[in-house]
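A.B. asks: Handing you a structure now.
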Amino acid sequence: MKNKTIKVGYLARVEGEGALYIKVKGGRVTDVKLKIFEPPRFFEAFLRGRDFAEAPDITARICGICPVAYQMSAVHAMEDAFGVKVEGQLRALRRLLYCGEWIESHVLHIAMLHAPDFLGYQDAIGMAKDHPEIVETALKLKKTGNEIVSLLGGREIHPINVRVGGFYKAPAKRDFAPLLERLKWARDRGRELVRWTARLPFPDFERDYEFVALRHPDEYPFNEGRLVSNKGLDISPRDYDDTFVEEHVEHSNALHSVIAGRGEYFVGPMARYSLNFDRLSALAQEAAREAGISPVCRNPFQSIIVRSVEVLYAFDEAIRIIEAYEMPDRPSVEVRPRAGTGYSCTEAPRGSLYHRYQIDDGGMIVDTKIVPPTSQNQKTIESDLWQFVPDYIDLPDTDLKWKCEQAVRNYDPCISCATHFLRLEVEREQ
Amino acid sequence: MKRKRKPKLAVWKFASCDGCQLSLLDCEDELLALAAEIEIANFPEASRAVMKGPYDLSLVEGSITTPHDAERIQKVRRASKRLVTIGACATAGGIQALRNFKDVKEFTRVVYATPDYISTLDKSTAISDHVRVDFELQGCPINKAQLVEVISAFLNGRKPNTPAHSVCVECKLRGTVCVMVAHGTPCLGPVTHAGCGAICPSYDRGCYGCFGPMETPNTASLSDWWSGLGVKEGEIVRVFRSFNAYAEPFRKESEKHEE
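Right under this line is the structure:
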């Protein structure tokens with residue numbers, strides 16, 4: 018009685034290749050494994066001996082969903098190593114680029130990967146038959162996010178315009194005119210998206226997480242700030258390696274990250290939101306209140322609402338940046354490489370993304386460390402399932418399996434990201 | 608003529624960043640129309656539903672890097688009437704093929720937490736090294752308009768219209784002044800396959816070859832031009848060794864400039 022094994026051989030509607038294994042004995046959960054079998058790609062190994070200027074384009078290829086995040090963490094880490102500050106309009110353009118990525122990535126997850134779980138569809142295509150308006154609107158919102166990335170970055174996936182020190186080319190003010198009109202339309206629809214997600218049925222599930230995210234004195238965080246938590250953490254990204262440690266477990270091709278001496282933690286939209294509610298724009302705060310979520314949200318299923326609040330914020334922030342934009346005199350500041358180590362955390366759509374580079378006096382990369390958000394959330398995802406499964410143990414197997422998948426998708430896991438920094442032994446091909 | 612059933616499309620992932628299959632979901636204007644014409648039979652990034660093969664068209668993203676994947680691609684081929692590779696990983700081994708240039712011992716010497724947990728091959732290889740491929744769409748990432756064209760061509764039994772000329776032609780078509788001639792900016796455009804629309808030069812930057820080699824590229828001549836612009840040998844090696852490092856013309860050119 019009540020002995021069962023839940024196996025999801027290939028997790029769908031996540032980025033990359035992962036599987037789930039849960040064992041239940043006598044009604045009790047005895048094992049949970051989020052298995053990551055995405056093949057490793059050795060980024061840390063082959064970045065050695067590359068020029069510092071190549072890091073943004075190479076690390077972008079870790080993830081096709083959030084290449085901007087990799088580019089932003091890479092350029093900020095390099096600038097940290099070289100003592101370069103990028104300010105004014107160039108700094109604002111970087112925030113704008115990140116707004117575009119948050120929008121395209123979040124809306125993809127909200128409408129196409131996550132919402133079908135709440136409404137019982139296999140995918141967004143099926144959902145579109147009964148809810149055409151929401152899927153069609155979401156596609157338009159996603160497209161608007163992609164338009165920001167395309168205009169500023171040259172293309173949606175693996176943008177080409179980002180460099181250490183700024184950009185290759187800065188847009189003229191007039192280039193933004195048509196986009197600005199569409200962004201204003203999208204901001205209104207974004208507000209409706211928050212309302213729509215708030216009406217979805219949510220399981221009654223909360224945990225006392227340790228949320229970790231950047232916090233900036235004035236802004237909702239993208240590229241700068243201290244790494245803080247609701248349990249007393251408050252560090253510079255330079256102290257990251259003293260605070261977080263990574264463990265290698267057998268069932269995953271990605272390292273599990275924990276806070277030294279304390280254990281698992283939570284990064285991503287819900288952490289960012291709960292630690293930075295007061296930094297959201299008035300419009301985004303109002304939409305969150307109207308949606309009925311408190312300034313600290315502990316139900317991971319409601320991350321879909323939080324994501325839509327962040328989408329609304331990103332539209333609002335993008336409009337603010339474009340309206341205040343004046344074309345800078347030069348598209349980048351001068352960069353003179355020197356020997357040293359640079360550190361950076363930026364807020365990828367899925368949470369804090371840490372890069373560290375050691376550079377020699379010729380500007381070549383000597384050593385790299387990259388910690389993507391999903392590897393930081395792996396342990397928390399597994400812990401959620403330990404607590405979640407017993408409450409739903411009486412569901413038929415197919416329903417229980419689906420619920421567990423949904424609990425994993427709460428984190429919008431990007432398995433492609435999580436795997437690529439792992440160092441490995443090589444087996445010889447015969 | 609009325610079709611009896613909708614053609615079945617499958618999307619498969621091997622070692623990759625997900626970006627090329629994301630291009631399909633980035634077809635915001637075409638996605639629902641496309642879904643009306645075809646049966647999305649296997650596309651785990653987008654759907655839980657999985658239909659059994661055979662599939663009329665398989666899109667394959669990613670390179671082969673593990674013993675398991677080397678077997679899996681054989682199964683994918685057997686289940687697919689037509690197989691199209693999408694992106695630099697699937698057509699040339701991708702950025703992860705940089706391992707191919709390293710001595711494997713150099714990797715194994717590095718101390719790993721628990722290396723026994725992992726198995727991997729010492730080379731990252733293109734899909735066509737393992738199975739017959741009906742068409743290769745180049746790009747890191749692929750261009751989504753070209754993706755729609757390729758899908759549409761295969762479903763209608765015609766040849767895809769994807770020009771094989773160099774990025775230079777695309778610069779001329781969009782009226783971009785040559786960055787190499789006018790500004791002395793080193794550019795891979797003359798040897799790189801068209802398809803992106805010549806984005807980099809229009810952003811005051813030289814092409815970095817993410818679409819891989821064009822047909823019969825004159826890489827030696829371009830390297831001479833780069834040397835004339837003051838680019839050092841080591842940098843020429845790195846420039847040919849990026850996202851399409853193991854595509855033959857780029858691989859051979861990079862090897863020529865190694866000490």
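Protein sequences, first through last, are from chains A and B. Basically the numbering used here = 1-based index in the first sequence + 17. Basically the numbering used here = 1-based index in the second sequence + 607. Glycine is no exception: its CB is placed at the ideal position from the N, C-alpha and C atoms. Please read these numbers as outputs of a predicted model, since none were measured by experiment.
Please state the DSSP three-state secondary structure of GLY835 of chain B.
C.D. replies: helix
A.B. asks: Is GLU860 of chain B close to chain A, meaning its C-beta is less than 8 Å from at least one C-beta of that chain?
C.D. replies: At least 8 Å separates the CB of GLU860 of chain B from every CB of chain A.
A.B. asks: Do SER392 of chain A and SER246 of chain A come within 8 Å of each other at the CB atom, strictly closer than that value?
C.D. replies: no
A.B. asks: Give me, in chain order, the residues of the same chain whose beta-carbon lies closer than 6 Å to that of LEU836 of chain B; leave out the 5 immediate sequence neighbours on both sides.
C.D. replies: GLY791, PRO793
A.B. asks: Between the C-alpha atoms of LYS712 of chain B and ARG706 of chain B, what's the straight-line distance to the nearest angstrom?
C.D. replies: With a pLDDT of only 47 at LYS712 of chain B, under the threshold of 50, the placement of this residue in the model should not be trusted, and no figure is reported.
A.B. asks: Does the pairing of the stretch 799–809 of chain B with the stretch 764–776 of chain B give three or more beta-carbon distances under 8 Å?
C.D. replies: Short answer: they touch.
A.B. asks: If you drop the 5 nearest sequence neighbours on each side, which residues of the same chain put their C-beta closer than 7 Å to that of LYS42 of chain A?
C.D. replies: ASN20
A.B. asks: Can you find at least 3 beta carbon pairs, one from the stretch 188–198 of chain A and one from the stretch 255–263 of chain A, that sit closer than 8 Å?
C.D. replies: no
A.B. asks: Exposed or buried, what is LEU136 of chain A when buried is set at 16 or more other beta-carbons lying within 10 Å of its beta-carbon?
C.D. replies: exposed
A.B. asks: Can you confirm whether ALA653 of chain B, when its beta carbon is compared against all beta carbons of chain E, has any partner nearer than 8 Å?
C.D. replies: Among the protein chains in the structure shown, which are A and B, there is no chain E.
A.B. asks: Quick one: list the residues of chain B neighbouring CYS80 of chain A, beta-carbon separation under 8 Å, in chain order.
C.D. replies: CYS624, ASP625, GLY626
A.B. asks: With C-beta atoms as the reference, is ARG684 of chain B less than 8 Å away from ASP741 of chain B?
C.D. replies: Not in contact: ARG684 of chain B and ASP741 of chain B (Cβ atoms no closer than 8 Å).
A.B. asks: Just checking: is the beta-carbon of LEU629 of chain B within a distance shorter than 8 Å of some beta-carbon in chain A?
C.D. replies: yes
A.B. asks: To the nearest angstrom, report how far apart GLU743 of chain B and ILE177 of chain A are at their CA atoms.
C.D. replies: In this structure, the CA atom of GLU743 of chain B is about 23 Å from the CA atom of ILE177 of chain A.
A.B. asks: For TYR662 of chain B, which of helix, strand or coil comes out of DSSP?
C.D. replies: strand
A.B. asks: If distances are taken between C-alpha atoms only, which option among A:TYR237, A:ILE338, A:ILE321, A:LEU250 comes closest to SER298 of chain A?
C.D. replies: The option with the nearest alpha carbon to SER298 of chain A is A:TYR237.
A.B. asks: Between SER849 of chain B and GLY816 of chain B, which are expected to be in contact by the criterion C-beta below 8 Å, what is the C-beta distance as a whole number of angstroms?
C.D. replies: 7 Å
A.B. asks: Contact defined as beta carbons within less than 8 Å: I believe TYR282 of chain A pairs with SER90 of chain A. What is the distance between those atoms, to the nearest angstrom?
C.D. replies: That pair is no contact at about 18 Å.
A.B. asks: Between the stretch 694–713 of chain B and chain A, which residues of the former have CB atoms less than 8 Å from a CB of the latter, in chain order?
C.D. replies: GLY701, ILE702, GLN703, LEU705, ARG706, LYS709, VAL711
A.B. asks: Under 8 Å, with one C-beta from each stretch per pair, do the stretch 396–409 of chain A and the stretch 345–359 of chain A reach the 3-pair mark?
C.D. replies: Taking 8 Å as the limit for Cβ pairs, the verdict is that the stretch 345–359 of chain A does not touch the stretch 396–409 of chain A.
A.B. asks: Which runs of the beta strand (DSSP E) fall wholly inside the stretch 280–346 of chain A and span at least 3 residues, in chain order?
C.D. replies: You should have found no qualifying run.
A.B. asks: Use the C-beta contact count for GLY183 of chain A: other C-beta atoms within 10 angstroms, 16 or more gives buried, fewer gives exposed.
C.D. replies: buried
A.B. asks: Using DSSP's beta-bridge definition, name the partner residues of ASN450 of chain A.
C.D. replies: Given a span of 18 to 447 for chain A in the structure shown, any question on residue 450 of chain A remains unanswerable.
A.B. asks: Sorted by chain position, which residues of the same chain lie with C-beta nearer than 7 Å to GLN106 of chain A's C-beta, five sequence neighbours on each side aside?
C.D. replies: TYR342, GLU343, PRO345
A.B. asks: Assuming VAL25 of chain A and CYS421 of chain A are in contact, meaning their beta carbons sit under 8 Å apart, how far apart are those beta carbons, in whole angstroms?
C.D. replies: At roughly 7 Å, the Cβ-Cβ gap stays under 8 Å, so VAL25 of chain A and CYS421 of chain A are in contact.
A.B. asks: Would you say ILE645 of chain B lies against chain A (beta-carbon separation less than 8 Å)?
C.D. replies: No, because no Cβ of chain A sits closer than 8 Å to the Cβ of ILE645 of chain B.
A.B. asks: Do you know whose CA, among A:ARG172, A:ALA215, A:ALA72, lies nearest GLU118 of chain A's CA?
C.D. replies: A:ARG172
A.B. asks: Can you confirm whether TYR810 of chain B, when its beta carbon is compared against all beta carbons of chain A, has any partner nearer than 8 Å?
C.D. replies: yes
A.B. asks: Name the chain A residues whose beta carbon is nearer than 8 Å to that of GLU635 of chain B?
C.D. replies: Chain A residues near GLU635 of chain B: LEU156, LYS157, LYS159, LYS160, ASN163.
A.B. asks: Is any beta-carbon of chain B found at less than 8 Å from that of ASP140 of chain A?
C.D. replies: Chain B, which has a Cβ nearer than 8 Å to the Cβ of ASP140 of chain A, makes this yes.
A.B. asks: Rounded to the nearest angstrom, what separates THR715 of chain B and THR673 of chain B at their Cα positions?
C.D. replies: The pLDDT assigned to THR715 of chain B is 44, lower than 50, so where the model puts this residue is not dependable, and the model offers no usable value.
A.B. asks: Could you give the first and the last residue of the continuous alpha helix (DSSP H) run that contains ASP384 of chain A?
C.D. replies: Run containing ASP384 of chain A: none in the alpha helix (DSSP H); it sits in the beta strand (DSSP E), 382–388.
A.B. asks: Within the chosen definition, does the stretch 49–68 of chain A reach the stretch 147–156 of chain A through at least 3 CB pairs nearer than 8 Å?
C.D. replies: no
A.B. asks: Examine chain B for any beta-carbon lying closer than 8 Å to the beta-carbon of ARG58 of chain A, and answer yes or no.
C.D. replies: yes
A.B. asks: Helix, strand or coil, according to DSSP, for ILE749 of chain B in the structure here?
C.D. replies: coil
A.B. asks: At a CB-CB cut-off below 7 Å, which residues of chain A make contact with ALA827 of chain B?
C.D. replies: Those do not exist, as ALA827 of chain B stays about 23 Å from chain A at its closest Cβ, beyond 7 Å.
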